[in-house]
């Protein structure tokens with residue numbers, strides 16, 4: 238079995254899962270934390286080098302304040318509570334996104350965890366918070382323009398060079414993108430990076446997603462030919 242170097246997951250369906258239980262949406266978000274733990278541990282076992290999880294988009298700030306506040310508290314508890322998981326499994330932890338609106342206590346916890354796990358080498362786990370693909374491309378263009386202004390000339394730029402301005406610089410593009418809950422779109426997620434990513438959609442709601450579902454996605458990935466526009 239070929240193990241994807243980078244698996245990315247759009248964790249969708251928490252709210253619908255909670256509704257089926259007759260609970261509030263935050264109940265589903267809390268339940269989804271166990272799926273994160275299960276997938277993280279399984280990915281380390283099989284040799285995945287990068288696992289990125291789309292946890293909160295820039296568009297999600299438009300949700301009701303009660304849900305947003307609850308999600309931020311959940312993120313804080315997750316970052317604090319998963320320290321032993323990261324260290325015991327030799328996982329480097331990172332958060333990528335637009336930090337402008339993220340709470341100070343959450344960002345302080347994130348920076349602490351990023352610092353203490355920086356030397357871990359088995360896998361890098363990336364939480365995408367307050368992230369959008371359009372924001373990422375726009376901030377990359379702005380940084381490039383600032384460098385040109387500082388240099389007093391237009392600097393040479395190719396695809397590889399532009400990738401270094403993205404928030405995901407240094408991280409390989411996803412090989413496999415999984416979206417749960419049956420929705421078949423990428424919702425403004427890593428628009429540049431997913432140019433040649435293999436997409437896998439599953440009807441399973443995120444709180445129910447476990448090791449066997451991830452195995453099925455990887456098996457499907459292994460049955461595909463990645464031609465990158467070439468003929469074979």
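In our numbering, the protein residues as written are 238 to 469.
The beta-carbon is built from N, C-alpha and C at its ideal position, and this holds for glycine as well.
Check	Outcome
The alpha helix (DSSP H) with residue 274 in it runs from where to where?	262-283
So residue 334 and residue 366 are in contact, right, with Cβ under 8 Å, and what is the actual spacing, rounded?	4 Å
What separation, rounded to the nearest whole angstrom, lies between the Cα atoms of residue 299 and residue 264?	19 Å
Out of curiosity, what's the CA-to-CA distance linking residue 239 and residue 271?	26 Å
Where residue 192 and residue 457 are concerned, what is the direct C-alpha to C-alpha distance, given to the nearest angstrom?	Because the chain is modelled from 238 through 469, residue 192 falls outside the range shown and cannot be assessed.
Between the Cα of residue 347 and those of 309, 433, 393, 326, spot the shortest distance and give me the residue it belongs to.	309
Measure the C-alpha to C-alpha separation of residue 450 and residue 332 and round it to an integer number of angstroms.	25 Å
If you follow the beta strand (DSSP E) that residue 361 is in, where does it begin and where does it stop?	360-368
Using the three-state DSSP reduction, which class does residue 349 fall into: helix, strand or coil?	helix
Just the C-alpha distance for residue 368 and residue 406, rounded to the nearest angstrom, thanks.	14 Å
So what's residue 333 in DSSP terms, helix, strand or just coil?	strand
Near residue 317, what residues of its chain come up, given a Cβ to Cβ distance below 7 Å and the 5 sequence neighbours on each side ignored?	346
Would you say the stretch 337-346 touches the stretch 393-405, given that touching needs at least three Cβ pairs under 8 Å?	no
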